[in-house]
Every structure is written in C-alpha cells, then in structure tokens.
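Going by numbering that gives the first Met the number 0, 159 is the number at position 160 of the sequence shown; the sequence numbering is gapless.
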Amino acid sequence: MKIISIESFILSDKLKESFYFSQWEYSERRICIVKITSDTGHVGWGEGYGPAGIVSAGIEHLTPFVLGKNPLETETIWSTMYRRTLDFARRGILVSALSAIDVALWDLKGKILEQPVHLMLGGKKRDKIIPYATGMYFSHCNGKLSETICKEAMQYVDLGYKAMKMKVGLSIEEDIENVKMVRKAIGPNINLMIDANHAYNLREAIYLSKAVEPYNIYWFEEPVSPEYYDQYSELRTKTIIPISGGECEYLIFGFQTLLKSQSVDIVQPDICSTGGLTEAKRIAVLASVYGVEVVPHTWGTGIAFSAAAHFISNLDCLPGRIKNPVCYIEHDRTENRLRDELTSSDMIFKDGEIIISDAPGLGVALNEDALHKYAMSYNAASSNGRQTI
Ligand code: MG
Numbered sequence: 000m001k002i003i004s005i006e007s008f009i010l011s012d013k014l015k016e017s018f019y020f021s022q023w024e025y026s027e028r029r030i031c032i033v034k035i036t037s038d039t040g041h042v043g044w045g046e047g048y049g050p051a052g053i054v055s056a057g058i059e060h061l062t063p064f065v066l067g068k069n070p071l072e073t074e075t076i077w078s079t080m081y082r083r084t085l086d087f088a089r090r091g092i093l094v095s096a097l098s099a100i101d102v103a104l105w106d107l108k109g110k111i112l113e114q115p116v117h118l119m120l121g122g123k124k125r126d127k128i129i130p131y132a133t134g135m136y137f138s139h140c141n142g143k144l145s146e147t148i149c150k151e152a153m154q155y156v157d158l159g160y161k162a163m164k165m166k167v168g169l170s171i172e173e174d175i176e177n178v179k180m181v182r183k184a185i186g187p188n189i190n191l192m193i194d195a196n197h198a199y200n201l202r203e204a205i206y207l208s209k210a211v212e213p214y215n216i217y218w219f220e221e222p223v224s225p226e227y228y229d230q231y232s233e234l235r236t237k238t239i240i241p242i243s244g245g246e247c248e249y250l251i252f253g254f255q256t257l258l259k260s261q262s263v264d265i266v267q268p269d270i271c272s273t274g275g276l277t278e279a280k281r282i283a284v285l286a287s288v289y290g291v292e293v294v295p296h297t298w299g300t301g302i303a304f305s306a307a308a309h310f311i312s313n314l315d316c317l318p319g320r321i322k323n324p325v326c327y328i329e330h331d332r333t334e335n336r337l338r339d340e341l342t343s344s345d346m347i348f349k350d351g352e353i354i355i356s357d358a359p360g361l362g363v364a365l366n367e368d369a370l371h372k373y374a375m376s377y378n379a380a381s382s383n384g385r386q387t388i
C-alpha cells in the first residue's frame with residue numbers, strides 16, 4: 000500500500016463584514032488544505048493553521064519524503080518530515096505544513112482501516128464534548144460596541160451554548176465595560192472566557208484580571224506575549240482566573256518550556272500547527288505529567304474541527320472520578336463560508352453538546368463544488384510529476 004498523490008489547495012473568501020481583534024483586522028478567510036490519495040483509492044484531508052501560501056510551500060517541500068510511503072505508518076512518516084524540517088524551522092510555519100500532512104494521513108488511515116480517528120488514537124473516553132462559541136470580536140459597528148457584542152452573546156445563549164469566549168485587548172477600560180455587559184446579559188450560568196491575543200504587558204494583564212474577577216471568568220487566554228514565560232507564571236500568582244495559552248507553541252519541545260515554567264493552567268495546542276494529531280497526542284501526555292488541562296485551539300474549516308473533536312474525545316481526564324469533568328472544544332462562530340460550505344459531517348450539535356462521530360477517519364465529507372468555488376491556487380504532485388495552477 001502506498002501514497003500516490005499529494006494535492007494542496009489554497010482557498011480564499013472575502014468577508015461580507017470585516018472584524019478585528021487586538022492584533023489586526025480580518026477582511027478575508029484564507030486557508031491551505033491538503034488531499035492525500037493512496038493506491039487503494041482512499042483519500043485523506045488535512046489543513047494547516049497559518050499563512051496559507053507558506054503552508055502550501057511547506058507541503059510542496061515535504062511531498063517528496065511522503066510520496067510512495069505506506070499511509071498506515073503515520074508515526075514513521077512524521078519522523079521523516081520532522082527530520083527534514085528540523086534544521087530550518089524547529090518551530091513555526093513549516094511545522095504547520097507537517098501538521099496538515101499528518102492530519103490528512105490520520106484521516107486516510109481511518110478510511111483505509113474503516114475506523115474513526117478516535118479509535119486509532121486509543122479509544123473514545125467520552126461520547127459528547129461541550130463546544131464553546133468563539134466570537135465577540137471587535138467590529139466597526141454603528142453604535143456602542145458593548146451592545147453589539149452583547150447581542151451576539153445572546154445569540155449563542157439562544158443556540159444552546161453553555162460556554163463562550165470573547166475578545167479583550169482593545170483597551171483596559173473598554174475591555175472591563177464589555178466583559179461586565181456580557182456577563183450581565185448572559186447571566187451567571189454560562190461559562191465565559193476572555194482572550195487578549197497577547198495584547199498586554201504584565202502590569203496591564205494583572206490590572207485587567209483583577210478588574211474582571213468579579214465576573215467569574217473561566218479562563219484568561221494569552222494575556223501577555225507568548226515569549227514571556229516568566230510573566231505568565233507571575234500573573235498566575237496574582238489572579239484567581241485560570242490562565243491559558245499555547246496556540247503559538249510548536250511540538251512537545253515548545254510545550255515543555257510552557258509547562259516547565261508553570262506558565263498556564265490550560266494548554267491550547269493547535270492540532271493543525273503544533274505537529275498534527277501525532278504530536279498533539281504526545282503533548283497531551285506531557286501535559287498530564289504536569290497535571291495541566293488540554294483544550295486545543297481550533298480554527299479553520301471542518302477538517303480542523305473534526306480533528307480536534309476526535310482528539311478531545313480521546314483525552315485522559317486526570318484525576319479520574321465517577322463524574323467526569325467537562326471537556327471543551329473551541330467552536331469558531333465568526334463569518335467563515337469556507338468552514339460552513341467546504342465540509343459536512345455527522346457530528347451533531349444538540350442541547351449544547353457535540354456528539355462525536357464514529358464514521359471512518361475524521362468523518363468529514365468534502366464538498367467538491369465549494370472546493371472549486373473557493374480555490375485560488377492548486378499544487379499537485381504524484382508519481383507522474385507535478386502540476387501547479
Ligand atoms: Mg486565542
């Protein structure tokens with residue numbers, strides 16, 4: 000059995016309404032997805048998190064080391080790809096390219112063996128996980144921003160979400176006002192997380208966390224720059240709010256630094272950039288050694304969401320107890336037609352929970368019409384050669 004072709008697509012869609020967070024504005028969605036085909040006629044899909052053009056170039060770089068290999072040997076192929084990137088990019092976007100291929104290989108392996116990814120990871124430890132709505136970004140709205148954000152929060156409540164995450168990082172004063180208003184709107188029974196995308200220095204992050212503590216914040220994500228591990232650990236001693244981070248970390252080595260420095264209460268690896276499902280599984284083991292929770296960062300299309308769902312359903316909950324703690328999955332709700340149209344899956348969202356699919360592989364079906372509608376470039380390599388459009 001062997002891999003006979005690797006195709007990458009860069010998909011793009013202009014947003015109807017742009018939105019922004021503490022770092023920059025989004026007016027377009029762009030993503031690189033990868034399709035891997037075996038000589039058995041099976042197909043696996045993966046995606047990379049990060050600038051799509053660079054991810055695509057990374058996939059092109061890795062392709063010769065993956066073509067012709069046995070698709071069931073996900074770990075062996077991972078090691079080859081890692082060795083081929085280590086000298087040039089121990090962290091960063093080349094690892095995203097590796098991740099995209101790894102996720103596609105897990106999907107492909109599942110389809111060949113007719114088993115869901117969660118089973119191949121070692122088994123499903125829960126049938127249902129709790130999605131938290133990610134949204135409440137900043138927008139150029141008419142009127143008061145806090146009112147627009149509260150309206151959006153209430154839509155999530157009406158849809159049955161039990162948890163949601165809002166952006167902070169605009170300014171301390173505006174953040175406090177927005178958090179206060181959202182908590183008032185959604186009431187006390189919905190978990191509320193905040194995410195600054197590392198907008199603040201330590202002094203500001205301490206001030207903001209103290210100011211929003213009365214609003215029962217479930218976690219404070221990326222309060223300061225991911226470079227400042229010591230500041231993360233100091234902030235943890237200054238607030239009762241759990242601190243989370245890790246979406247900018249790569250491989251077990253990045254997470255070892257984060258965990259060793261006692262920077263976070265919750266680690267948030269992105270499966271599509273941190274090294275794929277193969278490495279995410281190792282990161283989860285490493286986090287368990289430190290007794291730290293794992294809630295993956297999840298962005299992009301249904302491929303990334305499904306990879307995260309399978310991974311989370313397999314996560315160990317430590318310490319164990321009869322009534323297991325809730326396991327969350329990030330559910331991006333911002334405008335994204337690539338996410339909404341590209342895939343369909345039988346993962347059901349019901350009563351504020353996602354029911355995990357038992358379909359083979361990642362359990363997503365690709366909509367070829369949407370793929371061609373949004374594809375802006377295409378790169379393919381097979382035993383017959385290379386084609387770029
Ligand atoms: Mg984040």
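C-beta: ideal position from N, C-alpha, C; glycine also.
1. For the pair the stretch 135–146 and the stretch 12–30, tell me if three or more CB-CB distances fall below 8 Å.
2. In angstroms with no decimal places, state the Cα-to-Cα distance between M410 and E212.
3. Is H371 a contact residue of ligand 1, with contact defined as CB to any heavy atom under 7 Å?
4. Nearest CA to the CA of Y48: which residue from T75, N69 and A99?
5. Output the boundary residues of the beta strand (DSSP E) element that contains Q386.
6. Quick check for students: name the residue ranges of the beta strand (DSSP E) that lie wholly in the stretch 185–243, counting only runs of 3 or more.
7. By the 10 Å Cβ neighbour count, where 16 or more other Cβ atoms means buried, how is K245 classified, buried or exposed?
8. Going by DSSP in three states, H41 sits in which element: helix, strand or coil?
9. Under the three-state reduction of DSSP, which class applies to G360: helix, strand or coil?
10. For the stretch 18–70, which segments carrying the alpha helix (DSSP H) assignment without a break, of at least 4 residues, lie completely within its bounds, in sequence order?
11. Since K349 sits in a beta bridge, which residues does DSSP pair it with?
12. Starting from K81, trace the beta strand (DSSP E) both ways and give me its first and last residue.
13. Taking the alpha helix (DSSP H) that H139 falls in, what are its first and last residues?
14. Under three-state DSSP, which class holds D101?
15. Relative to the C-alpha of K280, which candidate in L314, I265, E172 and E27 has its C-alpha closest?
16. Would you mind sorting D86 into buried or exposed? The rule is 16 or more other CB atoms within 10 Å of its CB.
17. Where does the unbroken alpha helix (DSSP H) through T415 begin, and where does it stop?
18. Measuring from the CB of E220, is there a heavy atom of ligand 1 at a distance below 7 Å?
19. With N378 as the anchor, note down where its beta strand (DSSP E) starts and where it stops.
20. Just to confirm before moving on: does the CB-CB distance between D174 and L207 stay below 8 Å?
21. Nearer than 7 Å: is that true of the beta carbon of N335 relative to any heavy atom of ligand 1?
22. Please classify E6 as buried or exposed, where buried requires at least 16 other C-beta atoms within 10 Å of its C-beta.
23. Shortest alpha-carbon distance to L93 belongs to which of K322, P50, Q114 and N69?
24. Starting from A286, trace the alpha helix (DSSP H) both ways and give me its first and last residue.
25. Between which two residues does the beta strand (DSSP E) carrying H330 extend?
26. Please confirm whether any heavy atom of ligand 2 lies closer than 7 Å to the CB of H41.
27. Comparing the CB of E246 with every heavy atom of ligand 1, is any distance shorter than 7 Å?
28. Straight-line CA distance for S287 to S243?
29. Under the DSSP definition of a beta bridge, which residues are partnered with M119?
30. For E113, which residues of its own chain have a beta-carbon under 8 Å away from its beta-carbon, when the five flanking residues on both sides are left out?
31. Inspect the beta-carbon positions of I282 and F254 and report whether they are closer than 8 Å.
32. Smallest Cα separation from M119: which of L104, Y131, K127 and S78?
33. On the premise that T300 lies in contact with T342, defined as a C-beta separation below 8 Å, what is that separation, rounded to the nearest angstrom?
34. Inspect the beta-carbon positions of A195 and E172 and report whether they are closer than 8 Å.
35. Classify S272 as buried or exposed, calling it buried when 16 or more other Cβ atoms lie within 10 Å of its own Cβ.
36. Closer than 7 Å: is that where the CB of H296 sits relative to any heavy atom of ligand 1?
On the basis of the coordinates in this document:
1. yes
2. A query on residue 410 cannot be resolved here, the shown segment of the chain reaching from 0 to 388 and no further.
3. Here residue 371 refers to the residue found at position 372 when the sequence shown is read from its first residue. No, since every heavy atom of ligand 1 falls outside the 7 Å radius drawn around the Cβ of H371.
4. Within the sequence shown, residue 48 is the residue found at index 49, counting from 1. Ranking the options by Cα distance to Y48, first place goes to A99.
5. Taking the sequence shown and counting its residues from 1, one reaches residue 386 at position 387. Segment G384 to T387, the beta strand (DSSP E) holding Q386.
6. 190–194 and 216–220
7. The sequence position of residue 245 within the sequence shown is 246, counting from 1. Just to set this straight, residue 245 is Gly in the shown sequence, not Lys. G245 comes out buried.
8. Reading the sequence shown from its first residue, position 42 is the one you call residue 41. The answer is coil: DSSP assigns H41 none of H, G, I, E or B.
9. If you number the sequence shown from 1, residue 360 lands on position 361. Of the three classes helix, strand and coil, the one that applies to G360 here is strand, per DSSP.
10. 51–65
11. As a first step, residue 349 must be located in the sequence shown, where it is residue number 350. DSSP lists E352 as partners of K349.
12. The residue you call residue 81 lines up with position 82 of the sequence shown. This sequence places Tyr at residue 81; Lys is not what is there. Not the beta strand (DSSP E): Y81 falls in the alpha helix (DSSP H), residues T73 to L85.
13. One-based indexing of the sequence shown puts residue 139 at position 140. First-last for H139: undefined, no H or E at that position.
14. Taking the first residue of the sequence shown as 1, we reach residue 101 at position 102. In this structure, D101 counts as helix in the three-state DSSP scheme.
15. Looking up residue 280 in the sequence shown gives position 281. If we check each option's Cα against that of K280, L314 comes out closest.
16. Indexing the sequence shown from 1 puts residue 86 at position 87. So D86 ends up on the exposed side.
17. Lying outside 0 to 388, the shown extent of the chain, residue 415 is not represented and no answer is given.
18. Here the question's residue 220 lines up with position 221 in the sequence shown. Answer for E220: yes, Cβ within range of ligand 1.
19. Counted from its first residue, the sequence shown places residue 378 at position 379. Taken as a continuous stretch (DSSP letters only), the beta strand (DSSP E) holding N378 covers A374 to S381.
20. Along the sequence shown, read from residue 1 onward, the residue named residue 174 stands at position 175. Along the sequence shown, read from residue 1 onward, the residue named residue 207 stands at position 208. Contact flag set, yes.
21. Looking up residue 335 in the sequence shown gives position 336. N335 Cβ: outside cutoff for every heavy atom of ligand 1.
22. Against the sequence shown, residue 6 aligns to sequence position 7. That one is buried.
23. For the purposes of this step, residue 93 is taken as the residue at position 94 of the sequence shown. Per the Cα distances, P50.
24. As a working note, residue 286 is residue 287 in the sequence shown. Unbroken alpha helix (DSSP H) run through A286: G275 to Y289.
25. In the sequence shown, residue 330 corresponds to position 331, counting from 1. Element bounds for H330: Y327 to D331.
26. Within the structure as shown, ligand 2 is missing, the only ligands being ligand 1.
27. Here residue 246 refers to the residue found at position 247 when the sequence shown is read from its first residue. Answer for E246: yes, Cβ within range of ligand 1.
28. As a working mapping, residue 287 is identified with position 288 in the sequence shown. As a working mapping, residue 243 is identified with position 244 in the sequence shown. Cα-Cα distance, rounded: 15 Å.
29. Here residue 119 is taken as the residue at index 120 of the sequence shown, counted from 1. Its beta-bridge partners do not exist; DSSP assigns none.
30. Translated into the one-based positions of the sequence shown, residue 113 becomes position 114. Hits under 8 Å: P359.
31. Within the sequence shown, the letter at position 283 stands for residue 282. Within the sequence shown, the letter at position 255 stands for residue 254. Going by C-beta atoms, I282 is nearer than 8 Å to F254.
32. As a position in the sequence shown, residue 119 is number 120, starting the count at 1. Ranking the options by Cα distance to M119, first place goes to L104.
33. Here residue 342 refers to the residue found at position 343 when the sequence shown is read from its first residue. Here residue 300 refers to the residue found at position 301 when the sequence shown is read from its first residue. Rounded, the Cβ-Cβ distance is 6 Å, consistent with contact.
34. Within the sequence shown, residue 195 is the residue found at index 196, counting from 1. Within the sequence shown, residue 172 is the residue found at index 173, counting from 1. Their beta carbons are not under 8 Å apart, which means A195 does not touch E172 by this criterion.
35. Taking the sequence shown and counting its residues from 1, one reaches residue 272 at position 273. Looking at its Cβ environment, which holds 16 or more other Cβ atoms inside 10 Å, S272 is buried.
36. Numbered from its first residue, the sequence shown carries residue 296 at position 297. Yes, the beta carbon of H296 sits closer than 7 Å to at least one heavy atom of ligand 1.
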